[in-house]
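Residue numbers for the sequence shown follow my numbering, beginning at 17 and rising by one. Notes follow the structure.
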Amino acid sequence: MKTVYNNNTIQELTQRIDKIQDNSKAQWGKMNAYQMLVHCVKNEEMLQGKRVYKRNFIGKLFGKMTLKSILKDNAPLKKNQPTHPDLIITQQGSVAHPKQQWIALVKEYGQLSASQMGELIHPFFGKMTHEKLGKYAYKHIDHHLRQFGV
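Right, here's the structure in full:
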């Protein structure tokens, strides 16, 4: 299973991110390209411990089981899944700045060791090990890139 801690995977992902343009259209979902990029920037910041969001009640009940289901195989994330309210983006803008932010954050995974990352408390999934975080981060990034056809 791919992980964001692999340099070849990081290169593949950043090349795909770079293909997103202002006029890129979503193949599913409600977000435009700018909103998806800002959503993903905030998500990477959360996964890297730079942002903290409150645990949600449903996640406390079902998060661990859901994460196990997501990481059991190489299947991509399902389309149109709910997201944490703080990661819903409504503003509009140009993709240039958030695209560069996202690329920089994805590249940072290559320098983050398990000891640097510590154990993340995800707002839905709860405690995530370094290994699980790397696999989930890849799947989340890939999901949104596929959403925009790249």
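Using N, Cα and C, we set each Cβ at its ideal position, and we do this for glycine too.
Bridge partners - H138, DSSP secondary structure assignment | According to DSSP, which records beta bridges pairwise, H138 is partnered with G142.
Give a yes or no on whether the C-beta atoms belonging to Y125 and V20 are separated by under 8 Å.
-> yes
What do you reckon, are the CB atoms on K95 and F141 nearer than 8 Å?
-> no
Out of N90, E135, V57 and M144, state which residue places its alpha-carbon closest to the alpha-carbon of K115.
-> V57
Have a look at K88 and V68 and give me their C-alpha separation to the nearest angstrom.
-> 26 Å
E124 Cβ short of 7 Å to the ligand GDP heavy atom set = No copy of the ligand GDP occurs in the structure displayed, which carries no ligand at all.
Evaluate the contact criterion for the segment 39 to 54 versus the segment 96 to 112: three or more CB pairs, one atom per stretch, below 8 Å.
-> yes
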